[in-house]
Each structure stands twice: as structure tokens, then as C-alpha cells.
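Colleague: Protein sequence lines correspond, in order, to chains G and W.
Residue 85 in our numbering is what sits at position 85 of the first sequence, and the numbering runs on without skipping anything.
Residue 308 in our numbering is what sits at position 85 of the second sequence, and the numbering runs on without skipping anything.
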Amino acid sequence: MTVRAVREQADGARTVVLDVPGWEGHRAGQSVDVRLTAQDGYRTQRPYSIATAPEDETFELCIEHLRDGEVSPWLANELREGDQFELRGPGGRSFSWHAEEGGPLLLIAGGAGIVPLRAMVRHRLMTGSAVDTSVVVSARTRAGLLYASELDEWRAAGVRVHVSFTREGGRRLDAAQLRPFGLARHVFVCGPTAFVEHTTRVLLELGHDAAAVRAERFGGAAA
Amino acid sequence: MPPIARGFRGRRPADPDRLPPGQYETRDFPVLAVGPTPPHAAQDWAFTIRGAVSREVTIGWDELLALPRETPTVDIHCVTQWSKFDTTWTGVSIDTLLAEAGPVGAAYAVAHAADGYETNLPLDDLTGGKAWLVWEYEGEPLEPPHGGPARLLVPHLYFWKSAKWVRALELLAADRPGYWEVNGYHDRGDPWQEQRYQGD
Chain G
1 MTVRAVREQA
11 DGARTVVLDV
21 PGWEGHRAGQ
31 SVDVRLTAQD
41 GYRTQRPYSI
51 ATAPEDETFE
61 LCIEHLRDGE
71 VSPWLANELR
81 EGDQFELRGP
91 GGRSFSWHAE
101 EGGPLLLIAG
111 GAGIVPLRAM
121 VRHRLMTGSA
131 VDTSVVVSAR
141 TRAGLLYASE
151 LDEWRAAGVR
161 VHVSFTREGG
171 RRLDAAQLRP
181 FGLARHVFVC
191 GPTAFVEHTT
201 RVLLELGHDA
211 AAVRAERFGG
221 AAA
Chain W
224 MPPIARGFRG
234 RRPADPDRLP
244 PGQYETRDFP
254 VLAVGPTPPH
264 AAQDWAFTIR
274 GAVSREVTIG
284 WDELLALPRE
294 TPTVDIHCVT
304 QWSKFDTTWT
314 GVSIDTLLAE
324 AGPVGAAYAV
334 AHAADGYETN
344 LPLDDLTGGK
354 AWLVWEYEGE
364 PLEPPHGGPA
374 RLLVPHLYFW
384 KSAKWVRALE
394 LLAADRPGYW
404 EVNGYHDRGD
414 PWQEQRYQGD
């Protein structure tokens with residue numbers, strides 16, 4: 001696996017484009033383990049969502065600049081074109097969607113939680129699927145919104161897109177914001193733990209079937 | 224030989240012998256579950272032991288709290304690679320619960336949770352002082368995202384075996400894989416053998 005390109009994606013995040021020879025494919029929404037090996041053989045690994053659809057020609061990850069952490073700082077600051085590391089996976093099959101599974105599809109992201117959901121939208125676009133799809137994104141700021149330049153393309157393909165900027169006049173997702181999207185057959189919620197806990201609680205109060213709601217949480221709530 | 228990540232040093236664990244292979248230590252307490260935290264898991268709480276038992280037993284919350292309690296301090300290991308050291312829990316040994324039910328010809332168990340989650344374990348991994356039904360974490364009521372009001376605690380196996388929001392143990396003569404176990408995860412999940420996926 002070789003790094004083909006690195007580019008800034010938004011404030012505080014970069015996209016890493018990888019060449020992955022022999023990749024056996026994945027489902028939109030799945031993750032991979034990035035395994036780094038140090039000079040002396042020490043190795044460690046962390047899971048990252050795959051940002052691209054199986055149909056995409058490229059294979060991308062999106063790395064947030066985290067202040068601490070063991071793997072993300074290296075990926076965010078040190079990594080450059082031509083670097084090599086190992087990938088294992090894909091994993092996280094329970095958080096994935098295929099167009100044949102139909103909809104309505106409701107995708108809800110907090111911050112970097114948009115990454116696996118972007119893979120699902122791209123999968124819908126690239127398969128020419130007409131599945132009823134809504135994307136609800138909660139971001140702190142406009143400058144930090146990931147994939148902002150792609151939202152118009154999503155809308156043009158019939159995807160409803162709602163964005164709330166919580167530090168620029170918006171408020172955190174509540175029943176009033178989520179009710180208009182109706183009850184979906186497949187709901188995917190990804191974001192920081194507190195965001196996912198709050199949002200899934202609202203969804204259940206609105207009458208969504210718990211079995212239809214898949215959740216992916218990141219950033220451990222300090223115990 | 225895997226490629227070397229140029230300039231990567233990593234954080235060396237202070238106590239490497241305590242980390243199973245492929246794990247790293249975290250001070251956080253990440254929350255992993257397939258779906259939402261069930262909002263009503265504490266309502267009409269009861270815990271049932273059924274299946275291959277001489278007497279099906281159901282205990283309510285007050286009865287649970289009246290049982291002899293233990294406060295194990297253990298290291299826990301998640302299959303997503305994090306480990307957390309010295310976690311302290313309050314609960315009752317599964318041995319105590321099983322004694323009330325009296326297993327008959329049982330060699331396996333399936334834990335059933337309020338959200339429909341299931342996970343399977345050999346009975347030997349639930350007995351002999353190795354597993355608990357717990358309702359406190361670090362002296363506080365167990366928070367719902369971490370499995371409150373009560374979860375299974377089987378710290379010598381990967382933590383997906385420690386079912387959150389557990390409501391029943393079904394004892395069986397033969398093994399019957401649970402949610403993750405039919406989705407590619409290892410049937411037993413011993414972190415020291417790095418039994419993450421089927422075939423490991």
C-alpha cells in the first residue's frame with residue numbers, strides 16, 4: 001500500500017489517497033485498520049473509515065488533526081506521497097450499506113462522522129441508485145465542514161442535504177430538525193460518542209425502529 | 224517484513240507484558256455498540272437464567288442487590304484494539320447466579336441483551352470466579368452507554384463477550400454463535416491468543 005497523494009480537505013483534516021493493490025473490495029461505510037511499524041519493529045494499529053465507495057477509482061481516508069493520539073498525528077503531519085504502511089480489513093460490516101438494500105436512507109454525521117457516510121452517498125451516486133436519501137450534518141464551523149465542495153453534486157443527484165453549524169448560529173440536532181426527514185428504513189449515525197448518544201435518543205423518540213438505526217461512535221468519553 | 228513508517232516512533236506501553244498482542248492502552252472508555260443505547264433498559268429490569276437448568280430463575284433488581292457482591296479490579300480488552308487497565312466494577316459472580324438455577328448438561332451459554340444483541344460463551348468461561356453481572360463502574364451506577372443498568376463482565380475475553388444491557392443467560396448443551404460470532408468474529412475471543420476473527 002502506497003500513498004498516492006495527500007491534500008487538505010478542510011480546516012483540521014486531510015485526505016490521504018492510497019494505492020491498494022489487490023484490495024478485495026469493501027462495502028460503503030466500512031473501515032480499515034491502519035497498521036504502522038516503527039524502525040525497531042514496534043507496531044500499532046487503529047481503525048479509520050474508508051471515505052470512498054467500492055466503485056470509486058481511488059481509495060481514500062480522511063485524517064483529522066488530533067492533538068493527541070498515537071497514529072493520527074503521524075498520518076496528519078508526517079505522512080507524504082510515496083510513504084508505505086499496512087492496511088488490514090475491511091472491518092465494521094454492521095455499519096455499511098449497499099444500494100440493493102434500498103431505503104429510505106437517512107445519514108446523520110457529527111463532524112468527522114461524515115467520512116463513512118460520504119462513502120455511502122458516493123456509492124449511491126456511482127451506482128445510479130435512486131434510493132430516497134437524506135444527509136444531515138452537524139459541523140462546528142463552515143471552514144471545518146468536510147466535503148463541502150461535494151454537497152451540490154449530492155443535491156443535484158436528488159439527495160436532501162441539511163447542514164447545521166453549531167458554533168455559527170446553528171444548534172445541535174433536535175427533533176424539530178430531524179422530524180422532516182421522516183422515518184427511514186436504514187439510518188446511520190456517526191460522530192463523537194456524545195453526539196451519537198444524543199442523536200440516536202432523539203431518533204427513537206421520533207419513532208424510528210431501533211433495529212433500523214446503526215451507530216458508530218468515536219473518541220472515548222473519558223471514564 | 225512490513226514497511227517501516229518513516230519517522231514513526233509510537234507510544235511505547237509502560238507495561239508491555241500487560242498488553243495482549245496488537246492492543247494499545249487507553250485511558251478513555253470508548254463506547255461501541257451496533258445501534259442506539261436502549262432507552263428503557265432499566266424499566267422492569269429482571270435477569271433470567273434459562274435453558275439447560277434444573278430450575279429457571281428470574282431475579283429482579285432488589286433481589287440482585289441483595290446477593291453477595293464482589294468488586295473485581297480487572298484489565299479489559301476490546302477487539303478494536305484498545306485495552307483499559309485497572310477497571311473496578313461491582314457485581315455478583317456468575318457462579319452465584321448459576322447455583323440458583325443448577326445447570327443440567329450445559330456446556331455453553333448465550334447472553335441475551337435488551338437491544339437484541341447476543342453473544343455466546345463456553346460455560347467454563349463464565350464459571351470459576353472469572354465472570355460477573357455488574358451494575359457499578361468505579362463506584363458509580365453503570366452508565367447506559369456502557370451497558371447500564373447491568374452488563375456482563377468477562378474480562379479474560381475480548382469485551383464484545385461482556386454483553387451490555389444483559390437480561391438473560393440461556394444455557395445450552397451445544398454451542399450457538401451470537402451476533403458478532405456469525406459476522407466473522409472468533410467464537411471464543413481470547414485476547415492473549417489474539418482470537419479476533421474466525422481462523423485466528
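We put the CB at the ideal spot given by N, CA and C, even for glycine.
Closest to G/L256 by CA distance: which of G/H98, G/N77, G/M120 is it?
Modeller: The requested residue 256 of chain G is not part of the displayed model; chain G covers only 1 to 223.
Colleague: Can you tell me the Cβ-Cβ gap for G/F195 and G/G110, rounded? I've got them flagged as a contact below 8 Å.
Modeller: Contact holds; Cβ gap of about 3 Å.
Colleague: In this structure, what does DSSP give as the bridge partners for W/Y312?
Modeller: With the sequence shown as reference, residue 312 of chain W is identified as Trp, and Tyr is not the correct amino acid for it. Its beta-bridge partners are W/Y360.
Colleague: Please report how far the alpha carbon of W/V389 lies from the alpha carbon of W/V377, in whole angstroms.
Modeller: Cα-Cα distance, rounded: 12 Å.
Colleague: Among the candidates W/L320, W/L380, W/T342, W/A336, whose CA atom is the shortest distance from the CA of W/D348?
Modeller: For the residues W/L320, W/L380, W/T342, W/A336, the minimum Cα distance to W/D348 belongs to W/L380.
Colleague: The beta strand (DSSP E) with G/R160 in it runs from where to where?
Modeller: 160-165 is the span of the beta strand (DSSP E), which, as asked, contains G/R160.
Colleague: Quick check: is the beta carbon of W/N406 nearer than 9 Å to any beta carbon in chain G?
Modeller: True, the Cβ-Cβ gap to chain G drops below 9 Å.
Colleague: In this structure, does DSSP put G/T199 in helix, strand or coil?
Modeller: Reduced to three states, the DSSP call for G/T199 is helix.
Colleague: Using a Cβ-Cβ cutoff of less than 6 Å, which residues in the same chain neighbour G/A112 once the five nearest sequence positions on both sides are dropped?
Modeller: Cβ within range, chain order: E64.
Colleague: Which residues share a DSSP beta bridge with G/W234?
Modeller: Because chain G in this structure spans residues 1 to 223, residue 234 of chain G falls outside the shown range and cannot be described.
Colleague: Going by C-alpha distance, which of W/E404, W/E393, W/E366 is nearest W/S277?
Modeller: When each option's Cα is compared against that of W/S277, the closest is W/E393.
Colleague: Between G/P116, G/V163, G/T133, which lies nearest to G/A139 when the distance is taken from Cα to Cα?
Modeller: Looking at the Cα atoms, G/V163 is the closest of the given residues.
Colleague: List the residues of chain W that G/E64 touches, going by C-beta distances under 7 Å, in chain order.
Modeller: Ordered by position in chain W, no residue passes the 7 Å Cβ test against G/E64, which lies about 16 Å from the chain.
Colleague: Just to confirm my understanding: we take G/V17, look at its own chain, exclude 5 residues before and 5 after, and list those with CB closer than 8 Å. What are they?
Modeller: Excluding positions up to five away in sequence, the list reads V3, R4, A5, V6, R7, T58, F59, E60.
Colleague: Nearest-angstrom Cα distance between G/V34 and W/V297?
Modeller: The straight-line gap from Cα to Cα measures roughly 28 Å.
Colleague: For a test of the three-state rule: what should DSSP assign to W/L382, helix, strand or coil?
Modeller: The sequence shown places Phe at residue 382 of chain W, rather than the Leu named in the question. Reduced to three states, the DSSP call for W/F382 is helix.
Colleague: By Cβ distance below 7 Å, which residues in the same chain neighbour W/G314 in space, the five residues on each side in sequence not counted?
Modeller: Closer than 7 Å at Cβ, skipping near neighbours: R292, E293, W355, L356, V357, W358, L376.
Colleague: Specify whether the stretch 231-242 of chain W and the stretch 197-211 of chain G touch according to this definition: at least 3 beta carbon pairs, one from each stretch, less than 8 Å apart.
Modeller: Contact between the stretch 231-242 of chain W and the stretch 197-211 of chain G is absent, because fewer than three Cβ pairs lie under 8 Å.
Colleague: Taking 9 Å as the CB-CB limit, is G/S49 close to chain W?
Modeller: Not closer than 9 Å to any Cβ of chain W, the Cβ of G/S49 fails to qualify, so no.
Colleague: Please report the straight-line C-alpha distance between W/G274 and W/Y408, rounded to a whole angstrom.
Modeller: W/G274 and W/Y408: Cα-Cα distance of roughly 25 Å.
Colleague: Going by DSSP, what residues sit across from G/V3 in a beta bridge?
Modeller: DSSP output for G/V3 lists G/L18 as bridge partner(s).
Colleague: Can the beta-carbon of W/P414 be found less than 9 Å from the beta-carbon of W/H300?
Modeller: Going by C-beta atoms, W/P414 is nearer than 9 Å to W/H300.
Colleague: Looking only at C-alpha atoms, which of W/P244, W/D251, W/A329, W/A373 sits nearest to W/G412?
Modeller: Checking every option, the nearest Cα to that of W/G412 belongs to W/P244.
Colleague: Relative to chain G, which residues along the stretch 324-353 of chain W have a C-beta separation below 8 Å, given in chain order?
Modeller: So the close ones are D338, G339.
Colleague: Using only CA atoms, which one of G/G128, G/T127, G/R118, G/H123 lies nearest to G/V137?
Modeller: Here the closest residue by C-alpha is G/R118.
Colleague: Would a C-beta distance cut-off of 9 Å place G/Q30 and G/R88 closer than the cut-off?
Modeller: Not in contact: G/Q30 and G/R88 (Cβ atoms no closer than 9 Å).
Colleague: Could you check where the alpha helix (DSSP H) with G/H123 kicks off and where it finishes?
Modeller: Per DSSP, G/H123 belongs to the alpha helix (DSSP H) from 114-126.
Colleague: Going by Cα to Cα distance, which pick from G/A176, G/V159, G/R14, G/D174 is closest to G/A76?
Modeller: Considering only alpha carbons, the answer is G/R14.
Colleague: Who are the Cβ neighbours of G/E86 in its own chain at under 6 Å, not counting the five residues just before and after it?
Modeller: So the qualifying residues of the chain are R35.
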